[in-house]
Structures are given as structure tokens and as C-alpha cells.
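What follows is a set of notes on a single structure, which appears directly below.
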Amino acid sequence: MRLRLLVGLSAIAIVGNSIAGGSSYSLQGRPAGTDLTEEGLQVDAAAQATQLATAAPITFEMSVATTVTPPETPRQLNAAPAPSSAAAPPASLNLAPLGMFITNAEPLPPCGYADVPAQLSSQKQWALTMMDTTYALTAAYAPTDLVPASNAGIRSREPVRSFVIPDLKRMAQAAAAAGAPISIASGYRSFHNQSVTFRHWVNVQGRAAALISSARPGHSEHQLGTAMDFKARGGTDPWNLKDWGKQTAAGVWLGVNAWKYGFIMSYPRGMTAKSCYEYEPWHFRYVGVAEAAAVHSSGLVLRQWLWEHQPNPEVPSP
Ligand SMILES: [Zn+2]
């Protein structure tokens, strides 16, 4: 395996402001990767924490990168253009929370169904954690700095990690100024809530159908606290429309502009074989402005780009 050590970025300053203390949020029960009708699930944050602590963890064998060679050809990260409509947040908030980018030369594996531990899966590594139908977070992964999206001036109390707020706020302001105001239908989703949701869809559809439309517990990017399903402000949930990305001003605007604010559409149209999920024009994951610019300019689906930056991925045997 060939590894290349790439650009160094400074560590992020993570803001406090935890939601701990029993605040109750409406965690939407919609699984990732589906156009199915949503069922809202009321989950008490304190109860969630208890369930997270007591849930049986997935048993994994972790592979650890041991060798890294110096750079051969450093990849240039293009700085994102600063939006002119709002003041830029502190530079530290725009940087991936990593000391380095590392690339691997393993080919992108096909989408399978397994439970392999995501590499780079500490909470500080949120920008590079690769999750799909194979790679997952454990039940113990629960961000401790969740805040309601309303902190970004958005009419939603869906939880997101606190450091997302400045860029989310700038994006919401720019979208509104462009006549495409946005809101959030679904933010953080706990491991426990994913379990409940997946069981629900297995009961409704059967396991085979649920597998291709719903994230199994630990496999949803929503568990990171940095992925969110957007909707038009005052509009219906986006999966109720045939193509929210084309039928709403908010969807069109986000599709063109979200990357400038650090958000990448995880599951673009026609890329299911590489993204592992069907087209979801509403699902964006925050990776920070610099990394989003790099992903955007690479032309790669986010899963591909992240795969290239996993230090030593364990590839499950077919
Ligand atoms: Zn989503």
C-alpha cells in the first residue's frame, strides 16, 4: 500500500455550548437513503444518552496505520472563495480538524453490507470519517457539543455540532438573500434512534428493501452531528417531492452553492454505485470550507474522496 502524507491543517477550536441536561429534541425518524414517508420520533436526549451507554457495541477489529511516507506530490487544496454577503468566521473554524491529510492507493470498494469500524472516527476527525453501508460508527459515538440549528438563525431545533453554526449561519443568510431560504428537516441522529428507525422499516418493508433504503445503526452520517437534511423554509419535507433539488429554489441554490460554505451533497444523482445511496439532493455533510473546496474541485463523490484519505482502510473480503 502506498501512503502519501499531505497538507497539514491546524486543529479546530471546538466551541462549547452543550445540549446536555435533558433537553428534548424532535429527532426525525427518516432513515438515510430513502424516499419513504417520515415518521417523527420523539427522543429525550437524556434517555438517548442512557441508551447509548447501555447499547451493545458492535464488535470490531480495528486496523491501525503504522507506516506513512513523506509526500511525493502534495495535493493543492484550493481555498474556497469567501462569500461576500457575510463576514467570514474565524479561520480556525474553516479548517478540517486534522493534523494531516493522508491518501491511500487502495481502490474504492464496492458497496456492501458489513460492519467495519470507520477509521479516523474520533469526534475530532469528523471531517474525514468515512461512513457508508460497510463502515460504521460505534454505539458509543455521540457528539457532546450538539446545539439546536436555531443558533444559526434557522427555524429548526434539530441538533448539530456547535462548530457547524458559523458557516451554517452564513449559508442560511446567503440562501435567504438569494430568494431561496432554507430550513433543516433532520440533523443529528443517534445510534439508538437509527436502530429504532431501521427496525421500523424492516417491519414495514422487509429486511431486503430496508437495507437498500435505510441506514443500519451506526452507518448514518447523521450520527456525526455534521450531516443534515435541508428543506425549503416553510416547505414540505424534501423527500415528499419528486426531485427537491430541482423543484425548489432552496434545493437548486444549495446544489450550486453549499460547497462554498463547507457543505457537500453526499449522494448526488447517478452516483449510487460510488456513494452507496440513491440520489438525495437534500442531504449535505459539513466538512469545513477548505475540505469542501478540495472535494468540489476533485470532482469526486464525497465517499470516494474520503476513501482516498483513509490511512489504512480494512477492506472487507467479498
Ligand atoms: Zn440525511
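Going from the sequence shown to this note's numbering is simple: count from 1 and add 283.
Don't be surprised by glycine CBs; every beta carbon is placed ideally from N, CA and C.
Can you tell me which of the three DSSP states residue i falls into?
i, result
"Y418", "strand"
"H505", "helix"
"N523", "helix"
"V578", "helix"
"E597", "coil"
"T412", "coil"
"A458", "helix"
"I437", "coil"
"L537", "helix"
"E591", "helix"
"P449", "helix"
"L585", "helix"
"G312", "In this prediction, G312 has a pLDDT of 35, which is less than 50 and means its spatial position is unreliable; what the coordinates show is noted afterwards. The answer is coil: DSSP assigns G312 none of H, G, I, E or B."
"A498", "coil"
"A531", "It is Thr, not Ala, that sits at residue 531 in the sequence shown. Reduced to three states, the DSSP call for T531 is coil."
"A492", "helix"
"A369", "Caution is warranted here: a pLDDT of 39 is assigned to A369, below 50, making its placement in the model unreliable, and the coordinate value is therefore given only provisionally. Looking at A369 - three-state DSSP - the assignment turns out to be coil, as it is neither helix nor strand."
"R472", "coil"
"S405", "coil"
"A425", "coil"
"R482", "helix"
Please report the distance separating the alpha-carbon of residue i from that of residue j.
i, j, result
"G538", "Y471", "21 Å"
"G462", "E389", "43 Å"
"S301", "Y424", "Residue placement at S301 is poorly supported in this model, since its pLDDT is 34, which falls under 50; the coordinates are not used for a value here."
"W590", "Q406", "18 Å"
"D415", "A541", "21 Å"
"L583", "P500", "26 Å"
"L524", "R552", "15 Å"
"S466", "G517", "8 Å"
"Y396", "L585", "19 Å"
"A498", "W588", "20 Å"
"V598", "Y418", "10 Å"
"T531", "P521", "9 Å"
"G508", "A533", "22 Å"
"V535", "Q456", "16 Å"
"S433", "W527", "22 Å"
"S558", "P393", "9 Å"
Name the DSSP bridge partner or partners of residue i?
i, result
"F546", "Y569"
"I467", "F513"
"V443", "V430"
"V399", "Y418"
Any heavy atom of ligand 1 closer than 8 Å to the CB of residue i?
i, result
"A575", "no"
"W484", "no"
"S503", "yes"
"E561", "no"
"S466", "no"
"S496", "no"
"D512", "yes"
"S469", "yes"
"H475", "no"
"W527", "no"
"H566", "yes"
Any contact between the region 561–574 and the region 506–514? By contact I mean 3 or more CB pairs, one from each, below 8 Å. yes
When the Cβ atoms of the region 441–457 are set against those of the region 426–433, are three or more pairs found closer than 8 Å? Result yes; three or more Cβ-Cβ pairs closer than 8 Å.
Does the pairing of the region 570–586 with the region 543–554 give three or more beta-carbon distances under 8 Å? yes
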